[in-house]
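Student:
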Amino acid sequence: MNMMTEQLIRLALAEDIGSGDITTDFLIPEGEMGEGVLVAKEALMVAGTATAAACFTFLDATCRVDVLACDGSWVNKGDVILKVAGPLRTLLKGERTALNFLQRLSGIATHVSRYAKMVQGLPVRLVDTRKTTPGWRVLEKEAVRIGGAFNHRMALYDGVMIKDNHIAVSGGIKEAVATVRRSISHLVKVEVEVSNFDELAEAIDACADVIMLDNMGMADVAKAVLIVNGRALTEVSGNITEENLRGYAESGVDVISSGALTHQARSVDISMRM
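For what it's worth, the numbering used here labels the leading residue of the sequence shown as 4, then goes sequentially.
(1) Closer than 7 Å by C-beta to Lys134: which residues in its own chain qualify, once you throw out the five before and the five after it? Chain order, please.
(2) Would you report the Cα separation of Val197 and Ile176, rounded to the nearest angstrom?
(3) When the distance is taken between beta carbons, is Asp131 closer than 8 Å to His169?
(4) Going by DSSP, what residues sit across from Trp77 in a beta bridge?
(5) Run the CB neighbour count on Lys144, radius 10 Å, all protein chains shown included, and call it buried at 16 or more, exposed below.
(6) Give, in chain order, every unbroken run of the alpha helix (DSSP H) that is at least 4 residues long and sits entirely within the region 81-155.
(7) Looking at the structure shown, is Leu62 part of a helix, part of a strand, or coil, going by DSSP?
(8) Find out if the Cβ-Cβ distance for the pair Glu245, Met215 is shorter than 8 Å.
(9) Rounding to the nearest angstrom, what Cα-Cα distance links Gly39 and Arg67 in this structure?
(10) Starting from Ile259 and walking both ways along the beta strand (DSSP E), at which residues does that stretch end?
(11) Below 8 Å between beta carbons: does that hold for Lys44 and Asp257?
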């Protein structure tokens with residue numbers, strides 16, 4: 004578990020518990036032991052078990068957590084995902100935070116799995132975007148992978164993407180690409196966002212490694228792929244839905260990126276029973 008995820012879990016616990024759980028601390032005798040199970044209340048794909056488990060062990064290292072349904076597995080309503088044993092006060096204090104992580108991350112994996120099935124068998128890669136919950140990016144992108152899709156760049160530091168605002172303040176696509184190439188390693192790819200055929204021609208002339216076709220219709224995307232003709236990887240993005248995903252995948256593009264993989268996913272229903 005990386006440091007950012009650990010900090011996030013501790014912050015979430017502190018947010019929920021604050022100065023203390025006045026209900027649990029007054030009801031449950033100190034030292035009383037017990038166990039609980041986290042149960043699926045609908046069919047779902049599991050993701051986030053390690054994070055959920057940490058919500059208990061960070062509060063008390065003596066807690067024992069058994070994962071009965073590993074990440075990436077499908078469970079049905081009534082199936083037990085995690086079993087946790089330890090001090091009852093700890094189990095009750097960690098319950099909500101553990102469920103919040105598990106419900107959200109399993110929701111993303113379940114949602115993404117539907118998208119991934121729609122492009123199964125086609126030579127296209129389905130990827131996420133940076134449209135993630137602030138602070139949750141590592142976890143949400145992991146859930147995307149568990150669901151069967153792939154990650155785009157993790158953040159601003161690990162890939163060059165020249166977007167419309169960059170182009171506007173840099174004097175054009177050719178100028179922007181040339182400027183950034185003078186400063187980056189030869190191992191770093193340069194992606195350029197375009198929204199029409201004039202910009203597409205500029206991106207090709209500038210020798211962009213990846214060309215993102217932003218908010219283009221399906222027919223224009225297919226035409227753009229033919230124009231590029233393998234001189235760059237092609238990526239389509241913008242307004243990708245379950246209804247049009249397969250059509251875009253059949254257009255010949257190399258990559259489809261969709262923010263909906265994360266920001267349109269709903270939390271699934273999981274509960275904890277003592």
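Beta carbons: idealized from backbone N, C-alpha and C, even for Gly.
Tutor: Quick look at the numbers:
(1) Mapped onto the sequence shown, residue 134 falls at position 131. Cβ contact annotation for Lys134 (same chain, cutoff 7 Å, sequence separation greater than five): Gly262, Thr265 and His266, in chain order.
(2) In the sequence shown, the residue the question calls residue 197 occupies position 194. In the sequence shown, the residue the question calls residue 176 occupies position 173. Cα to Cα, Val197 sits roughly 9 Å from Ile176.
(3) By 1-based counting over the sequence shown, the position of residue 169 is 166. By 1-based counting over the sequence shown, the position of residue 131 is 128. Contact: no.
(4) As a working note, residue 77 is residue 74 in the sequence shown. Trp77 pairs with Met48.
(5) Here residue 144 corresponds to residue number 141 of the sequence shown, with the count starting at 1. If you draw a 10 Å sphere on the C-beta of Lys144, you find 16 or more other C-beta atoms in it, and that means buried.
(6) As for any alpha helix (DSSP H) of minimum length 4 sitting wholly inside the region 81-155, the runs are 91-121 and 140-149, ordered along the chain.
(7) Along the sequence shown, one-based indexing puts residue 62 at 59. The three-state reading of DSSP puts Leu62 in coil, since its state is none of H, G, I, E or B.
(8) Here residue 245 corresponds to residue number 242 of the sequence shown, with the count starting at 1. Here residue 215 corresponds to residue number 212 of the sequence shown, with the count starting at 1. No, the Cβ-Cβ distance between Glu245 and Met215 is not below 8 Å.
(9) For the purposes of this step, residue 39 is taken as the residue at position 36 of the sequence shown. For the purposes of this step, residue 67 is taken as the residue at position 64 of the sequence shown. A straight line joining the alpha-carbon of Gly39 with that of Arg67 spans about 11 Å.
(10) Walking along the sequence shown from the start, residue 259 turns up at place 256. Segment Val258 to Ser260, the beta strand (DSSP E) holding Ile259.
(11) Position 41 of the sequence shown, counted from the start, is the residue given in the question as residue 44. Position 254 of the sequence shown, counted from the start, is the residue given in the question as residue 257. No, the pair does not count as a contact, with Cβ atoms beyond the cut-off.
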